[in-house]
Structures are given as structure tokens and as C-alpha cells.
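Enquirer:
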Amino acid sequence: MSGAVATAEPIGRRNWLKPSIARERRWALWASYIVLVFFAIGFLAPPYFELVTALKTSQQIGSGKDPWFTAHPYFGNFIGIITNPDFQTFFLNTVKVTLIVVVLTLAMSILAAYALARMRFFGSHAFATGVFLTYLVPESLLFIPLFKVLSFLHLINSTWCLVLVWPTLSVPFCTWIMIGYFSSIPKELDEAAMIDGASHLQMLWKIFIPVALPGIIAATIFAFTVCWGDFLYPLAYLFTGKQMVLTAGIVSDLIHGDVLDWGHIMAANVVASAPPVIIYAFLMDYYIAGLTAGATKG
Amino acid sequence: MADGTTGISADALHGFAPSVRRGGLRRFAQRRSTIAVLMCLPLIALIAGLVVYPFFYSIYLSMLSRDATRFIGLFNYRYLLRSDTFDLVIFQSCFFAITAVFFKALIGFILAHVMHNISGRDQRIWRGLLLIPWVIPPALSTLGFWWMLSGNYSAVNWILGQFGIPQVAWLSNTWTARLWVAGVNVWYGTPFFMIMYLATLKSVPDQLYEAAAIDGATWLQKIRFISLPMLRNIISITVLFSLIVTFANFDIVQILTTGAPADTTHVFATYAFQLGIQGGNISLGAAVSLFIFPILAVFSIFILRGVGRRAREGM
Numbered sequence: 001m002s003g004a005v006a007t008a009e010p011i012g013r014r015n016w017l018k019p020s021i022a023r024e025r026r027w028a029l030w031a032s033y034i035v036l037v038f039f040a041i042g043f044l045a046p047p048y049f050e051l052v053t054a055l056k057t058s059q060q061i062g063s064g065k066d067p068w069f070t071a072h073p074y075f076g077n078f079i080g081i082i083t084n085p086d087f088q089t090f091f092l093n094t095v096k097v098t099l100i101v102v103v104l105t106l107a108m109s110i111l112a113a114y115a116l117a118r119m120r121f122f123g124s125h126a127f128a129t130g131v132f133l134t135y136l137v138p139e140s141l142l143f144i145p146l147f148k149v150l151s152f153l154h155l156i157n158s159t160w161c162l163v164l165v166w167p168t169l170s171v172p173f174c175t176w177i178m179i180g181y182f183s184s185i186p187k188e189l190d191e192a193a194m195i196d197g198a199s200h201l202q203m204l205w206k207i208f209i210p211v212a213l214p215g216i217i218a219a220t221i222f223a224f225t226v227c228w229g230d231f232l233y234p235l236a237y238l239f240t241g242k243q244m245v246l247t248a249g250i251v252s253d254l255i256h257g258d259v260l261d262w263g264h265i266m267a268a269n270v271v272a273s274a275p276p277v278i279i280y281a282f283l284m285d286y287y288i289a290g291l292t293a294g295a296t297k298g
Numbered sequence: 299m300a301d302g303t304t305g306i307s308a309d310a311l312h313g314f315a316p317s318v319r320r321g322g323l324r325r326f327a328q329r330r331s332t333i334a335v336l337m338c339l340p341l342i343a344l345i346a347g348l349v350v351y352p353f354f355y356s357i358y359l360s361m362l363s364r365d366a367t368r369f370i371g372l373f374n375y376r377y378l379l380r381s382d383t384f385d386l387v388i389f390q391s392c393f394f395a396i397t398a399v400f401f402k403a404l405i406g407f408i409l410a411h412v413m414h415n416i417s418g419r420d421q422r423i424w425r426g427l428l429l430i431p432w433v434i435p436p437a438l439s440t441l442g443f444w445w446m447l448s449g450n451y452s453a454v455n456w457i458l459g460q461f462g463i464p465q466v467a468w469l470s471n472t473w474t475a476r477l478w479v480a481g482v483n484v485w486y487g488t489p490f491f492m493i494m495y496l497a498t499l500k501s502v503p504d505q506l507y508e509a510a511a512i513d514g515a516t517w518l519q520k521i522r523f524i525s526l527p528m529l530r531n532i533i534s535i536t537v538l539f540s541l542i543v544t545f546a547n548f549d550i551v552q553i554l555t556t557g558a559p560a561d562t563t564h565v566f567a568t569y570a571f572q573l574g575i576q577g578g579n580i581s582l583g584a585a586v587s588l589f590i591f592p593i594l595a596v597f598s599i600f601i602l603r604g605v606g607r608r609a610r611e612g613m
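Protein sequence lines correspond, in order, to chains A and B. For what it's worth, the working numbering labels the leading residue of the first sequence as 1, then goes sequentially. For what it's worth, the working numbering labels the leading residue of the second sequence as 299, then goes sequentially.
#1: Tell me whether the region 228-238 of chain A and the region 157-176 of chain A touch, counting them as touching only if at least three CB pairs, one residue from each stretch, are closer than 8 angstroms.
#2: Could you confirm whether any beta carbon from chain B is found closer than 8 angstroms to the beta carbon of threonine 89(A)?
#3: Residues of the region 326-345 of chain B in Cβ contact with chain A at a cutoff of 7 angstroms, in chain order, please.
#4: Beta-carbon of glycine 426(B) versus every beta-carbon of chain A: anything under 8 angstroms?
#5: Using a Cβ-Cβ cut-off of 7 angstroms (strictly less than) and excluding sequence neighbours within five positions of isoleucine 357(B), which residues of its own chain qualify?
#6: Looking only at DSSP bridge pairs, what is phenylalanine 393(B) linked to?
#7: Within 8 angstroms (strictly less), CB to CB, does glutamate 191(A) reach chain B?
#8: Less than 7 angstroms between C-beta atoms, sequence neighbours within five positions excluded: which residues of the same chain meet that for threonine 296(A)?
#9: With a threshold of 8 angstroms between beta carbons, is tryptophan 299(A) in contact with chain B?
#10: Say whether chain A places a C-beta atom closer than 8 angstroms to the C-beta of proline 436(B).
#11: Taking only beta carbons into account, state which residues of the region 263-276 of chain A come closer than 8 angstroms to chain B, listed in chain order.
#12: Please name the residues in the region 352-368 of chain B whose beta-carbon is closer than 8 angstroms to at least one beta-carbon of chain A, in chain order.
#13: Beta-carbon of glutamate 188(A) versus every beta-carbon of chain B: anything under 8 angstroms?
#14: Could you give the distance in angstroms between the alpha-carbon of tryptophan 468(B) and the alpha-carbon of methionine 446(B)?
#15: In the DSSP assignment, find the alpha helix (DSSP H) that holds tryptophan 160(A) and state where it starts and stops.
#16: Looking only at its chain, what residues have a beta carbon closer than 7 angstroms to the beta carbon of phenylalanine 597(B), apart from the 5 residues adjacent to it on each side?
#17: Please identify, using Cβ separations under 8 angstroms, the residues of the region 151-185 of chain A that lie next to chain B, in order along the chain.
#18: Cα separation between leucine 477(B) and threonine 440(B)?
#19: Please name the residues in the region 499-526 of chain B whose beta-carbon is closer than 9 angstroms to at least one beta-carbon of chain A, in chain order.
#20: Mind checking if proline 431(B) is an interface residue toward chain A, Cβ cutoff 8 angstroms exclusive?
#21: Taking all protein chains shown into account, do 16 or more other C-beta atoms lie within 10 angstroms of the C-beta of arginine 376(B), making it buried, or fewer, making it exposed?
#22: Would you call the region 133-140 of chain A and the region 77-84 of chain A touching, i.e. three or more CB-CB distances under 8 angstroms?
#23: Out of Thr70(A), Pro47(A), Leu36(A), which one is the CA nearest neighbour of serine 58(A)?
#24: Flag this pair as yes or no: are the beta carbons of serine 391(B) and phenylalanine 566(B) separated by less than 8 angstroms?
#25: Report the neighbours of histidine 200(A) on chain B: residues whose CB is nearer than 9 angstroms to its CB, in chain order.
#26: Tell me the residue span of the alpha helix (DSSP H) that contains valine 543(B).
#27: Give the secondary structure of leucine 372(B) by DSSP, where H, G and I count as helix, E and B as strand, and everything else as coil.
#28: Counting only Cβ-Cβ distances shorter than 8 angstroms, please list the residues of the region 390-407 of chain B near chain A, keeping chain order.
#29: Could you tell me the distance, in whole angstroms, from the CA atom of leucine 348(B) to the CA atom of alanine 398(B)?
#30: Here's the rule: buried if 16 or more other CB atoms are within 10 angstroms of the residue's CB, otherwise exposed. What is proline 527(B)?
#31: Taking a cut of 8 angstroms between CB atoms, which residues from the region 133-145 of chain A lie near chain B?
#32: Nearest to glycine 215(A) by alpha carbon, out of Phe182(A), Asp253(A), Ile82(A)?
#33: At 8 angstroms on the CB atoms, spell out the chain B contacts of proline 47(A), in chain order.
#34: By alpha-carbon positions, which one of Ser184(A), Trp205(A), Gly229(A) ends up nearest to glycine 290(A)?
#35: Count the other CB atoms, across all protein chains shown, that sit within 10 Å of the CB of valine 484(B); report buried if there are 16 or more and exposed otherwise.
#36: Alpha carbon to alpha carbon, what distance is there between tryptophan 68(A) and isoleucine 599(B)?
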């Protein structure tokens with residue numbers, strides 16, 4: 001190598017530099033994995049702890065020994081919670097209302113996004129901005145006046161009130177993502193369709209929805225997550241077990257029940273958290289693509 | 299371009315064939331915008347009826363007396379600002395939001411870089427794992443945290459006990475409770491920052507980092523002179539955004555402490571809930587939750603500017 005340096009200076013220097021960059025890269029890779037492992041442990045410890053607690057008998061939990069491990073997993077809590085009629089009611093209520101709101105959200109946001117992305121009308125630009133601003137409004141700013149509005153409509157302590165209030169959380173952002181996706185569709189496509197005599201609805205149905213399907217998937221996941229996980233509205237507006245949904249039901253009803261059975265509560269937690277986790281496991285990429293196109297809650 | 303002149307001629311030739319065609323066109327344009335408004339109508343109704351109207355109604359409510367019979371102006375606000383408990387609520391809301399957002403952004407920034415170093419399949423797996431806290435409904439995971447922390451024989455104390463550290467009543471001391479409330483929010487929100495920064499990092503050309511490496515830049519210099527400038531816009535959007543959301547957070551405080559010990563961990567949302575829904579004093583509750591509005595108003599202007607810039611840059 002020293003001979004090479006004597007004959008060709010620049011090449012020699014590069015040879016000397018290259019391994020150092022490679023070494024630096026290797027170090028960076030190792031350091032990255034160490035940091036990742038450290039944070040992964042911290043991030044996954046709470047869900048892991050919930051799962052372990054759910055797999056223990058109440059004697060094991062009460063003994064306070066080894067809270068982080070269990071040698072003999074016990075599935076009684078899961079069986080107990082799945083056959084618990086209260087929990088079944090919460091689950092069915094949540095599924096029912098969430099599905100309705102997701103469908104409503106998609107219908108409202110796709111129609112509005114199409115109009116805002118493609119058809120200019122008086123104040124459409126300001127309205128699009130307004131939609132984004134609405135998305136920034138947190139639910140805790142409005143839950144008290146909405147309580148009065150809902151009691152005027154006799155919807156307090158009825159699961160159906162969520163069909164009314166949840167779209168305020170989901171529709172603005174879904175509209176915003178869909179405007180982005182629709183705007184990215186080339187104008188030539190709908191001009192061609194227009195010349196062929198397609199109506200607006202046909203264009204929407206035959207061109208925009210199929211082409212913007214990734215965006216629609218992202219919007220669906222967003223609407224689903226927001227509804228499934230919402231806690232403030234159900235807690236503020238629902239009181240009796242028959243009307244409850246999962247989040248508020250587990251927190252208020254199961255806890256304030258007769259005994260504080262942590263194995264049961266954690267099993268309920270795991271079952272209630274499963275649907276969003278499963279959906280993300282399969283559709284994460286769509287969601288992240290849609291998310292990074294806008295900017296969302298966290 | 300020659301709109302004015304053709305307009306006059308169309309008027310003059312009223313009733314003739316060309317003007318009929320113009321009228322048809324105009325009607326078509328009208329119909330187009332009518333359709334557009336109709337398509338937006340559900341959304342307009344939703345926003346007007348369930349966001350804008352409740353907001354103004356909330357202002358009106360906050361000026362009523364407890365039994366909602368008398369108009370008392372700003373008395374509720376004066377009452378709140380003079381009460382010691384509300385001072386604590388204001389302090390804790392700011393402390394909670396600023397601490398949590400700072401650490402979410404910092405850890406998210408670090409994790410995004412770390413994640414960017416590893417490639418392909420591995421990155422997907424790690425990203426999936428680290429996203430889990432953000433995927434679980436926060437109300438449910440906070441319940442798990444509560445069980446992890448409550449009581450002297452909590453799971454966290456058990457770990458400390460293995461290292462011979464004495465037990466701490468985490469949720470009964472003001473400052474440990476405040477830190478845990480913020481900590482749970484950091485745990486929940488960091489993955490969001492991570493994926494936003496990671497997505498933006500991927501759009502930064504690799505050549506920039508390679509050129510810096512050849513010039514002998516340290517990793518700190520690479521972050522200082524490449525990552526930070528390239529990510530500046532998305533950092534400001536996410537931080538402002540998260541400040542609004544965290545400032546208005548409800549779930550975590552409500553479940554973890556419900557304001558205890560002695561109202562020192564209450565934030566605006568939980569205090570409004572306690573006064574307005576549980577205590578039945580709707581007007582005072584409305585006044586408390588309206589304190590969220592100023593920060594929302596100021597920050598959303600900056601967010602709009604940032605999002606506009608992002609759209610122009612096509613990122």
C-alpha cells in the first residue's frame with residue numbers, strides 16, 4: 001500500500017478513506033441496533049406486561065411475585081372475558097358504531113374531496129383550509145357544548161350519539177387526505193372521460209375511487225382507529241352498560257364492578273386492542289403513506 | 299380575455315343562437331358549482347352543526363351562571379383565574395404539553411435516524427414493532443400503565459426492587475405523577491414523530507450524507523448541517539401539531555391520575571370534565587375547556603403556513 005501511495009497519490013488517499021467510511025458505517029449500524037433494542041424494550045414492555053397479567057390467575061396476580069413472567073399461562077381470563085355478556089355488548093356496540101361511522105366518513109369525505117379537488121366553486125379554497133382547521137380542533141374543546149346539543153336531541157346515554165359526534169373527528173382529516181390523492185390524479189384522465197360523456201358521479205366511481213384506492217384505504221384505517229380508540233365522548237355521554245363501547249366500558253364499568261380483577265381487565269384490554277393492531281400489521285404501509293401526505297395526531 | 303366585449307355583444311344579441319349557447323355554458327358552469335356545493339353539503343352541515351355552532355355555543359354557555367338561567371358575563375373566567383386550583387391546572391397543562399412534546403420530538407428524531415441507518419426488510423420489522431404503542435388505543439394502554447404503577451407492589455417497583463432501590467408510590471407524589479403522565483404520553487406519541495421524520499429523511503438525497511462523510515463530517519455535524527435544515531419544516535409542523543393535541547389531552551391524565559394527588563395533575567380537559575360533566579356545572583366546564591382555544595388558534599396559523607410550504611415544495 002505504501003508503494004501505491006508513492007506512485008499515485010489521489011488513488012492512495014481514496015483507498016485510505018474508503019475503509020474508514022465503511023468502518024464508520026459498520027459502527028453506525030451496530031450503534032443503531034443497540035439504540036433500537038433499547039427503545040423496543042421500553043416501547044413493548046407495557047403491552048407485554050398486559051399480556052402476561054392477562055395470562056395469570058388472580059392468586060398469581062395477588063401474590064405480587066414475578067409480575068413480569070408466568071411459567072404456566074392461564075387462559076381462563078380470556079375465556080371469562082369473551083363469554084362475559086357486558087363485554088360482548090361493549091364489543092358489539094363498538095363494532096356497530098365504528099362500522100357505521102367509517103362508511104359515513106368515507107361517503108362524506110370522498111364526495112367533498114372530489115368537489116374540492118376538481119370543481120372550483122365560490123369559496124372552495126377557503127373551505128378546504130377550513131376543513132383542515134376543523135381537523136386541528138381537539139375533542140376536549142367541544143365536548144361540553146356537544147353534551148348540551150346531544151341532550152337537546154335526547155341522545156345522551158345512547159350509543160347512537162357517537163354516530164353523530166365521531167364523524168367530527170374522522171371526516172376532516174379523511175377529506176384532507178382524499179383531496180391530496182385526488183389532486184394528484186392527472187387532469188387528462190377526467191378530461192378524456194368528460195369528452196366521452198361521463199357524468200361527475202361516473203367519473204368519481206369509475207376513475208377517482210379506483211385510482212385513489214391507497215388513499216381510501218388510509219382514510220378508512222384513520223377513521224377506524226379514531227373511532228375505536230375514542231374515550232372522551234363515550235365517557236362523557238354514555239352511562240349504562242347496555243350503551244357502552246369498549247374503551248369507556250372497560251375503564252369505567254369493568255373497574256367499578258364488584259371486584260377489581262386485573263387478570264380480566266387486562267384480558268379485556270388485549271382483546272379490545274387486537275383489531276387495530278391486526279389492521280396495522282397488514283395495512284401499515286398504506287396508512288403511513290397517507291399519513292405522511294398530510295400531518296396527523298400524535 | 300376579451301370577456302368584457304363578448305359580454306356586451308351577448309347582451310346585445312339576446313335571443314339569438316350564439317347567446318343561447320353562452321347561456322347554456324353559463325348554466326353548465328352554474329350546474330357544476332351547484333353539484334360541487336351539493337357534494338360538500340354533508341361536510342358543511344357536519345362542520346357547521348357539530349363544530350362551529352358548538353364552539354360559539356360554548357362561549358355563550360361559559361357566560362351563564364351555574365343553573366344556566368342568568369347571564370353573568372366573564373364572571374366564570376374571573377372566578378377560574380382567581381382560584382388556586384386553576385393556577386395548578388394552567389401550570390400542569392403547559393408543563394405536560396411542553397415536556398411531552400419535547401421528548402416525543404427528540405426521541406422520534408433519534409429513532410428516525412437510527413431507523414434510517416438500517417435497511418430494507420429489517421427496517422420494516424423494527425418500524426412495525428416501534429409503532430405498536432401508537433396503534434393501541436391510548437385509553438387502554440394507559441390502563442395497563444396504571445396497573446404497572448399503582449400501589450407499593452407495582453410491577454415497576456418490583457423491577458426497582460431487583461436492584462435494591464426502595465419502593466416509590468409513583469402516582470401519589472405530585473412530581474412523580476406529573477412525570478409519569480408526561481412519560482405515558484411520550485410512550486404513546488413518539489412513534490408518530492418517528493414515522494413522520496423517517497418518511498422525510500427518505501426524501502433527503504443520500505449524496506448529501508455521502509459527500510459529508512467524504513469531507514470527514516462527524517455524525518453530529520451531519521445532523522446539524524444536513525438533517526436539521528432538511529427536516530426543519532416537518533419538525534415545526536409536527537411539534538406545533540402535537541402541542542395542540544397534547545395540550546388538549548384527556549385520556550392519559552383521566553385514567554392514570556384523574557387529577558390526583560390534590561388536583562396537581564389536572565389538565566384543562568380533565569378539569570373541564572370534572573367540573574362540567576361530573577360536577578354538573580356546564581358553564582364553568584365550558585369556560586375551562588375554552589382555555590384550549592388560544593393555543594389552538596395561534597398554532598394552527600403556523601401549521602397552515604408550514605403545510606402550505608410543504609405542499610409547494612412537493613414533499
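Every residue gets a Cβ at the ideal spot worked out from N, C-alpha and C, and that includes glycine.
Expert: Quick look at the numbers:
#1: yes
#2: Residue mapping note: residue 89(A) aligns to position 89 of the first sequence, counting from 1. It does not; no Cβ of chain B falls within 8 angstroms.
#3: Arg330, Ser331, Ile333, Ala334, Val335, Met337, Cys338, Pro340, Leu341, Leu344, Ile345
#4: What you label residue 426(B) is simply residue 128 of the second sequence in a count that begins at 1. Chain A, which has a Cβ nearer than 8 angstroms to the Cβ of glycine 426(B), makes this yes.
#5: As a working mapping, residue 357(B) is identified with position 59 in the second sequence. Same-chain partners within the cutoff: Leu588.
#6: Here residue 393(B) corresponds to residue number 95 of the second sequence, with the count starting at 1. According to DSSP, which records beta bridges pairwise, phenylalanine 393(B) is partnered with nothing at all.
#7: Position 191 of the first sequence, counted from the start, is the residue given in the question as residue 191(A). Chain B, which has no Cβ nearer than 8 angstroms to the Cβ of glutamate 191(A), makes this no.
#8: Within the first sequence, the letter at position 296 stands for residue 296(A). Because the pLDDT of threonine 296(A) is 41, which lies under 50, any placement of that residue in the model is unreliable, and the number read from its coordinates should be weighed accordingly. For threonine 296(A), where only same-chain residues beyond five positions count, the Cβ hits under 7 angstroms are Phe173.
#9: It is not possible to answer for residue 299(A), since the shown part of chain A is limited to 1 through 298.
#10: The residue given as residue 436(B) occupies position 138 in the second sequence. So, interface residue.
#11: Ile265, Met266, Asn269, Ala272, Ser273, Pro276
#12: Pro352, Phe353, Tyr355, Ser356, Leu359
#13: For this step, residue 188(A) is matched to residue 188 along the first sequence. False, the Cβ-Cβ gap to chain B never drops below 8 angstroms.
#14: To locate residue 468(B), count along the second sequence from 1; it is residue 170. To locate residue 446(B), count along the second sequence from 1; it is residue 148. Tryptophan 468(B) and methionine 446(B): Cα-Cα distance of roughly 10 angstroms.
#15: The residue given as residue 160(A) occupies position 160 in the first sequence. Neither: tryptophan 160(A) is in no alpha helix (DSSP H) and is coded neither H nor E.
#16: As a working mapping, residue 597(B) is identified with position 299 in the second sequence. Counting only Cβ-Cβ distances below 7 angstroms, and skipping sequence neighbours, we find Leu538, Leu541, Ile542.
#17: Leu164, Val165, Pro167, Thr168, Val171, Pro172, Thr175
#18: Looking up residue 477(B) in the second sequence gives position 179. Looking up residue 440(B) in the second sequence gives position 142. So the two alpha carbons sit approximately 14 angstroms from each other.
#19: Glu508, Ala511, Ile512, Gly514, Trp517
#20: Here residue 431(B) refers to the residue found at position 133 when the second sequence is read from its first residue. Yes, proline 431(B) counts as interfacial toward chain A.
#21: Residue mapping note: residue 376(B) aligns to position 78 of the second sequence, counting from 1. Exposed.
#22: no
#23: For the purposes of this step, residue 58(A) is taken as residue 58 along the first sequence, with counting starting at 1. Answer by Cα proximity: Thr70(A).
#24: As a first step, residue 391(B) must be located in the second sequence, where it is residue number 93. As a first step, residue 566(B) must be located in the second sequence, where it is residue number 268. Yes, Cβ-Cβ distance for serine 391(B) and phenylalanine 566(B) is below 8 angstroms.
#25: The sequence position of residue 200(A) within the first sequence is 200, counting from 1. Within 9 angstroms Cβ-Cβ: Arg330, Ile333, Ala334, Met337.
#26: Taking the second sequence and counting its residues from 1, one reaches residue 543(B) at position 245. Element bounds for valine 543(B): 526-545.
#27: Indexing the second sequence from 1 puts residue 372(B) at position 74. Leucine 372(B) falls in the coil class under three-state DSSP.
#28: Lys402, Ile405
#29: Taking the second sequence and counting its residues from 1, the one referred to as residue 348(B) is at position 50. Taking the second sequence and counting its residues from 1, the one referred to as residue 398(B) is at position 100. Approximately 30 angstroms, taken between the alpha carbons.
#30: Mapped onto the second sequence, residue 527(B) falls at position 229. Exposed, by the Cβ-count rule.
#31: Leu133, Thr134, Leu136, Val137, Pro138, Glu139, Ser140, Leu141, Leu142, Phe143, Ile144, Pro145
#32: Taking the first residue of the first sequence as 1, we reach residue 215(A) at position 215. Of the candidates Phe182(A), Asp253(A), Ile82(A), the one whose C-alpha sits nearest the C-alpha of glycine 215(A) is Phe182(A).
#33: Here residue 47(A) is taken as the residue at index 47 of the first sequence, counted from 1. Near proline 47(A) (Cβ distances below 8 angstroms), the residues of chain B are Ile430, Pro431, Ile434, Ser439, Gly442.
#34: Taking the first residue of the first sequence as 1, we reach residue 290(A) at position 290. Ranking the options by Cα distance to glycine 290(A), first place goes to Ser184(A).
#35: To locate residue 484(B), count along the second sequence from 1; it is residue 186. Answer is buried; the Cβ neighbour count reaches 16.
#36: Along the second sequence, read from residue 1 onward, the residue named residue 599(B) stands at position 301. Along the first sequence, read from residue 1 onward, the residue named residue 68(A) stands at position 68. One C-alpha to the other measures close to 46 angstroms.
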